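**Q** Reading the sequence shown from the start, the letters are residues 882 to 1078 in our numbering.
Take a look at the following structure, please.
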Amino acid sequence: MGCRHPLPHHGQTFDMTLPSWPAVPPQYGRVHLRPVEIVDIEMAQELSTDRYVPQTGTLPFNATAAEARAWIQRQQGRHDEGRGFSFTVATQINDRAIGHCGLWLHNLPEGQATAGYAIVPSSRRQGFAIEALVALTEFGWSIPPLRQITLLIEPWNIGSIRTAERIGYENNGIVAEQHEIGGTRRDVLSYALERPQ
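Put into structure tokens, the structure is as follows:
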């Protein structure tokens, strides 16, 4: 399980041109971040079995193959839409898809981004979330205007809190009822990391 993917509201449009897709996949430790591909359907379906993950984005709970394919196609369009970078988390050794993460840049003109990540249930408790978040964060610092990356984590999500803190994200406190999860507005913790000097 990871932190939520705070995408803009449906129908919101963007006039911003994003930086180009990275020529070299971001990587750290045992994982690399690559484009989301149709071959990732099984990964998407496994993610959808977690009751929490579908509440934080557009992946339906217990997604069928067709629903997983549609979700993948939506992820493939995020960069062209100007929303940000949507990555599959894959193992370096055999490119096995084990999760998803994203860097969302709708506030890039203000030097800010939000990030989210999720690892499939069968690959959790092995340190992959930490490695994926390090790779995603380091990629973020390759974008010159970016000064701060924020993670939005529900207070009960101890695993994600520990992941964020291990990497150096700092708790900026509760953001009260500002983020919709599962159709209701909930309190979330805001964890932020500033660009290294």
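C-beta atoms are modelled at their ideal positions from N, C-alpha and C, and glycine is treated no differently.
Computed from a prediction, not measured in an experiment: that's the story for all the values here.
Give me, in chain order, the residues of the same chain whose beta-carbon lies closer than 8 Å to that of Val1099; leave out the 5 immediate sequence neighbours on both sides.
**A** Nothing about residue 1099 can be reported from this structure: the residues present for the chain run from 882 to 1078 only.
**Q** Going straight from the alpha carbon of Pro907 to that of Asn988, what length do you get?
**A** The count along the sequence shown starts at 1 and reaches residue 907 at position 26. The count along the sequence shown starts at 1 and reaches residue 988 at position 107. For Pro907 and Asn988, the distance between alpha carbons rounds to 21 Å.
**Q** On a Cα-Cα basis, can you pick out the residue from Ile1034, Met924 and Glu962 that is closest to Leu1070?
**A** The count along the sequence shown starts at 1 and reaches residue 1070 at position 189. Looking at the Cα atoms, Ile1034 is the closest of the given residues.
**Q** Leaving out five residues on either side along the sequence, give the residues of the same chain with a beta carbon under 8 Å from the beta carbon of Pro1077.
**A** As a first step, residue 1077 is located in the sequence shown; it is residue number 196 there, counting from the start. Contacts found: Trp1022.
**Q** Counting C-beta neighbours from all protein chains within 10 Å, is the total for Ser1003 16 or more, i.e. buried, or is it exposed?
**A** Here residue 1003 refers to the residue found at position 122 when the sequence shown is read from its first residue. Label assigned to Ser1003: exposed.
**Q** In the structure shown, what three-state DSSP assignment does Trp848 receive?
**A** This structure cannot speak to residue 848, because the chain is shown only from 882 to 1078.
**Q** Report yes or no: do the segment 990-997 and the segment 903-917 share at least 3 C-beta pairs separated by less than 8 Å?
**A** Touching, no.
**Q** Within 10 angstroms of the Cβ of Phe942, are there 16 or more other Cβ atoms? Answer buried if so, exposed if not.
**A** Residue mapping note: residue 942 aligns to position 61 of the sequence shown, counting from 1. Burial call: exposed.
**Q** How many Å lie between Phe1020 and Thr945 at the Cα?
**A** Sequence index remark: in the sequence shown, residue 1020 carries index 139 (1-based). Sequence index remark: in the sequence shown, residue 945 carries index 64 (1-based). The alpha-carbon atoms of Phe1020 and Thr945 are separated by roughly 32 Å.
**Q** DSSP beta-bridge partners for Trp985?
**A** The residue you call residue 985 lines up with position 104 of the sequence shown. Paired residue(s): Gly965 and Thr995.
**Q** By DSSP, does Leu1032 sit in helix, in strand, or in coil?
**A** For the purposes of this step, residue 1032 is taken as the residue at position 151 of the sequence shown. Leu1032: strand per DSSP, three-state reduction.
**Q** Is the beta carbon of Met924 sitting closer than 8 Å to the one on Thr969?
**A** The residue you call residue 924 lines up with position 43 of the sequence shown. The residue you call residue 969 lines up with position 88 of the sequence shown. In this structure, Thr969 lies closer than 8 Å to Met924 by Cβ.
**Q** What number of angstroms, rounded off, separates the C-alpha of Leu899 from the C-alpha of Gly983?
**A** As a working note, residue 899 is residue 18 in the sequence shown. As a working note, residue 983 is residue 102 in the sequence shown. The straight-line gap from Cα to Cα measures roughly 14 Å.
**Q** At which residues does the alpha helix (DSSP H) containing Val1001 begin and terminate?
**A** Here residue 1001 is taken as the residue at index 120 of the sequence shown, counted from 1. Element bounds for Val1001: n/a, residue is neither H nor E.
**Q** Let me make sure I understand the geometry here. Which of Phe1009, Thr1018 and Ala949 has the alpha-carbon closest to that of Leu1074?
**A** As a working note, residue 1074 is residue 193 in the sequence shown. Nearest option by C-alpha distance: Thr1018.
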